[in-house]
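*Asks:*
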């Protein structure tokens, strides 16, 4: 629970709700709103020296004291002496708003499996499944055998592809934590956490190249065709998504196109005499304040 106390009003935030309590009988009615109803919050200083906590609601039709907000921010006035506490409260609300807008895309079960007995020792089911999707698995049997032993128990092996790297034939593998190049001479690893991108290059008449960038370096893996590299690149994108920032932030405010449509409708209604001057100005300001940027 975060509390900000002024001489006129107290603001409390906790359990996903923002509550204001008037401290004098002549104060306005207090608020009790869910953070899920808000688009954003901000602090501003008024001309008369007060601190205003501005509440922007997600819907223009949100009704407060019987009147729609029409995208206008709802101010909660405090003294400037409590700015530090108010900033803490705003940051807490913003963190929760980000959490509410985070969407987790559906994914397959990526829990690292337990090895199972095999003819040549323990084998990992995720390595076996990825090998089964390779174009020419028979070319990489020694490297696949090595991968069964060097895959860590805290990672899931996503995809494999035969590849050459710096003149050495081998196997490129993507796990949820690492990019691996496995050869019969050595195993090299590149943490997914530092990967910034990948691309597949297919120059006419030349071999396909999978180029992985990160940590100020670029690694090139070569194969005769790009078929397996497509799967590896997609697996690397998924691993980066999981490692860097799982999920994505959904847009909470209306788009510019939506707001432009609202503006056109508002202007048309004003021309037809359906909206008076004061409501027109109020709604127009609300639309401008909601514009991205």
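In my numbering, the protein residues as written are 606 to 898. Glycine included, C-beta positions come from ideal geometry on N, C-alpha and C.
(1) To which residues of the same chain is residue 599 closer than 6 Å at the C-beta, ignoring the five residues directly before and after it?
(2) Excluding sequence positions up to five away, which residues of its chain have a Cβ less than 8 Å from the Cβ of residue 742?
(3) Tell me whether residue 675 is buried or exposed, calling it buried when 16 or more other Cβ atoms sit within 10 Å of its Cβ.
(4) Should residue 852 go down as buried or exposed, given a rule of 16 or more other Cβ atoms within 10 Å for buried?
(5) Helix, strand or coil: how does DSSP classify residue 896 here?
(6) What residues in its chain sit with their C-beta under 8 Å from that of residue 791, if we drop five residues either side in the sequence?
(7) What are the start and end residues of each continuous alpha helix (DSSP H) run of 4 or more residues lying completely inside the region 744-791, in chain order?
(8) Would you call the region 761-779 in contact with the region 822-839, where contact means no fewer than 3 C-beta pairs closer than 8 Å?
(9) In whole angstroms, what is the alpha-carbon distance linking residue 688 and residue 887?
(10) Helix, strand or coil for residue 854, going by three-state DSSP, please let me know.
(11) When you compare each of 880, 820, 825 to residue 812 by their alpha carbons, which one comes out closest?
(12) Please work out which residues of its chain come closer than 7 Å, Cβ to Cβ, to residue 889, disregarding the five sequence neighbours upstream and downstream, and give them in chain order.
(13) Please classify residue 783 as buried or exposed, where buried requires at least 16 neighbouring CB atoms within 10 angstroms.
*Replies:* Taking the coordinates as given:
(1) The structure shown does not extend to residue 599, since the chain spans only 606 to 898, so no value can be given for it.
(2) Taking the first residue of the chain shown as position 1, residue 742 is located at position 137. Once the five neighbours on either side are set aside, the close Cβ partners of residue 742 are 736, 749.
(3) Mapped onto the chain shown, residue 675 falls at position 70. Flag for residue 675 reads buried.
(4) As a working mapping, residue 852 is identified with position 247 in the chain shown. Low confidence applies to residue 852: its pLDDT is 49, below 50, so where it sits in the model is not reliable, and the reading given next is rough at best. Classification for residue 852: exposed.
(5) For the purposes of this step, residue 896 is identified with residue 291 of the chain shown, where counting begins at 1. Residue state, collapsed to three classes: coil.
(6) What you label residue 791 is simply residue 186 of the chain shown in a count that begins at 1. Excluding sequence neighbours, residue 791 sits near nothing in its chain.
(7) 746-755
(8) yes
(9) Locating residue 688 in the chain shown gives position 83, counting from the first residue. Locating residue 887 in the chain shown gives position 282, counting from the first residue. Approximately 28 Å, taken between the alpha carbons.
(10) Along the chain shown, one-based indexing puts residue 854 at 249. Note that residue 854 scores 48 on pLDDT, short of 50, meaning its location in the model is unreliable and no value can be drawn from it.
(11) Residue 812 sits at position 207 when you count from the first residue of the chain shown. Checking every option, the nearest Cα to that of residue 812 belongs to 825.
(12) For the purposes of this step, residue 889 is taken as residue 284 along the chain shown, with counting starting at 1. Taken in chain order, the residues that qualify are 871.
(13) Counted from its first residue, the chain shown places residue 783 at position 178. Under this definition residue 783 is a buried residue.
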